[in-house]
Amino acid sequence: MHELADRKIIHVDMDAFYASVEQHDDPDLRGKPIAVGGGSDRGVVAAASYEARKYGVRSAMPSVTAKRLCPDLIFVKSRFDRYRKVSAQIREIFHDYTDLVEPLSLDEAYLDVTENKYDFPSATIIAYEIRRRIYETTGITASAGISVNKFIAKIASDYNKPNGQKTIVPEEIIEFLEELEIRKFHGIGKVTAEKMYQFGIFTGKDLKRKSLEFLVENFGKSGSHYYKIVRGIHKSPVKPDRIRKSLGAERTFSENISSEVFMKERLIQIAEEIEKRIAKSDVSGKTVTLKIKYRDFKTQTRSKTLPYFIRDKQTILNTAIELMEQESFRESVRLLGITLSNLNTGEEEESDFVEVQLGFSF
């Protein structure tokens, strides 16, 4: 059994998966800006083709905004039965190489190929072969990142998109993370990045200079996480066939807020993001949990379980607002989050971290 630090991990991410499937199945859509989902004035884009992304169209964007950015945008109704079928074909290819496959959604997965079925010594070659076979089988492209853990592999998979791959070998990890822009660290969002900028943290190297005490004091529990990931520390094994326990989204505010109206506006955005993630993962749930983090980093959660499964943003939003109205806000709020749990399918959250050990052949 290999130590967690001595692993060869591949993160495979399909390129604009839903949109690519639609363009593959309908030649008239090829080369054109398309958006899957949305369409109505109150709709939300579930996925955008690369042609649409050139205009700034993104997933989770309101349809009216997307149409304004790209007047020629073509809206296509989502077909999840079709996406599931293609996803199943892709996963069959993964399992030809390893049984350690952790699907994140229909279009994304981690693979541990440290000990693979072909005894290939090179994870880079395996990733190339997987991508080649995916294209031959489905007609759509995939990108991949390869490294010693899931965190670094996921960052790497974004580097040569679409239809490319990048390997971060052990001896490159320290330099790679030190030179990485802070906004490109997986898990560091826009608001957190802006706060880091105020402390002079623009790159991994800047982040690495900060002490654990400083990061915890200024970023709470997440500070410990940032301290570890910038050092390549991430202990999260690839978990095959894991069951999703929850799905959620949250927003950290650049300035603490106390306005109930403003909070409700943010909850609308969060509910829209969750609806997009629900569509991508094809799940539904019964329990809505509202998370409130106050100025002093203390957190309050409230939950409500419904007698039926839900997946639409309006029901999620209404339930979250109902929970919010039960809270007596003692001070200003720095974060709001909504989680949907008691799901009917999916995956569980990742575990903790372990330090990377260098000197491993890729």
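For the sequence shown, our numbering assigns the number 237 to the initial residue and increments by one for each residue that follows. Heads up, the beta-carbon is just placed ideally off N, CA and C, and yes, glycines get one too. These numbers come from a predicted model, not from an experiment.
I need the DSSP call for residue i, collapsed to helix, strand or coil.
i	result
G484	strand
M250	strand
N399	coil
V592	The predicted model places V592 with a pLDDT of 32, which falls under 50 and marks its position as unreliable; any figure quoted below should be read in that light. In the structure shown, V592 sits in coil (DSSP, three-state: anything other than H, G, I, E or B).
Y286	helix
L419	The sequence as given places Arg at residue 419; Leu does not occur at that position. R419: helix per DSSP, three-state reduction.
S383	strand
E351	coil
G440	helix
I270	strand
E239	With a pLDDT of 47 at E239, under the threshold of 50, the predicted position of this residue should be treated as unreliable, though the coordinate-derived value follows. E239: coil per DSSP, three-state reduction.
V427	helix
F311	strand
Q536	strand
N578	strand
T377	coil
K529	strand
T551	helix
A302	helix
I245	strand
Count the other CB atoms within 10 Å of the CB of residue i; is the residue buried (16 or more) or exposed (fewer)?
i	result
S285	buried
E508	buried
S299	buried
F545	exposed
R367	buried
R566	exposed
Q550	exposed
K275	The sequence as given places Gly at residue 275; Lys does not occur at that position. The residue in question, G275, is buried, as its Cβ has 16 or more Cβ neighbours within 10 Å.
N385	buried
Y319	buried
K457	exposed
K446	buried
K303	buried
K244	buried
G573	buried
Quick check: what's the CA-CA separation for residue i versus residue j?
i	j	result
I528	I270	37 Å
L342	S323	6 Å
K512	A389	24 Å
G279	L305	15 Å
K268	T377	17 Å
G521	S482	8 Å
P543	E351	45 Å
F330	A429	35 Å
R315	G273	9 Å
Q259	I310	11 Å
N554	L526	11 Å
T374	R547	29 Å
R487	L559	17 Å
A296	A515	10 Å
I410	H470	13 Å
Q325	T360	21 Å
R467	F387	11 Å
Q505	S517	19 Å
E561	Y354	57 Å
D308	L265	12 Å
D277	T301	9 Å
I437	G292	27 Å
Quick test of your reading: residue i and residue j, contact by CB under 8 Å. State the CB separation rounded to the nearest angstrom.
i	j	result
R294	V281	7 Å
A345	V248	5 Å
V349	Y364	So it is not a contact: roughly 12 Å between Cβ atoms.
L503	I465	So it is not a contact: roughly 29 Å between Cβ atoms.
L576	I552	6 Å
V524	K540	6 Å
Please tell me whether, using a cut-off of 7 Å, the distance from the CB of residue i to the nearest non-hydrogen atom of the ligand SAH is below it.
i	result
R320	The ligand SAH is absent from the structure shown, which contains no ligands of any kind.
Take residue i and list the residues in its own chain whose beta-carbon comes closer than 8 Å to its own, dropping the five residues that flank it on each side.
i	result
S460	L448, L451, V452
S393	H247, V248, D249, S379, A380, G381, Q401, K402
E415	T439, G440, K441
V569	F489, N492, I493, S494, M499, I528, K529, Y530, R531
K420	I391, D394
A252	A283, A284, S285, Y286, R289, P398
D261	R318
Considering only residues of the same chain and omitting the five flanking positions on each side of residue i, which have a CB-CB separation below 6 Å?
i	result
E585	Its pLDDT being 35, under 50, E585 is placed unreliably in this model, and the coordinates cannot settle the point.
Q607	There is simply no residue 607 to check, as the chain begins at 237 and stops at 598 in what is shown.
M432	I418
F435	none
A485	I506, E509, I510
N396	K402
Considering only residues of the same chain and omitting the five flanking positions on each side of residue i, which have a CB-CB separation below 7 Å?
i	result
I424	I418
E563	I528, Q536, R538
Y462	L443, L451, F455
E338	A345, Y346, V474, K475, P476, R478
F356	I362
Y254	V272, A282, A283, S314, Y319
D335	P476
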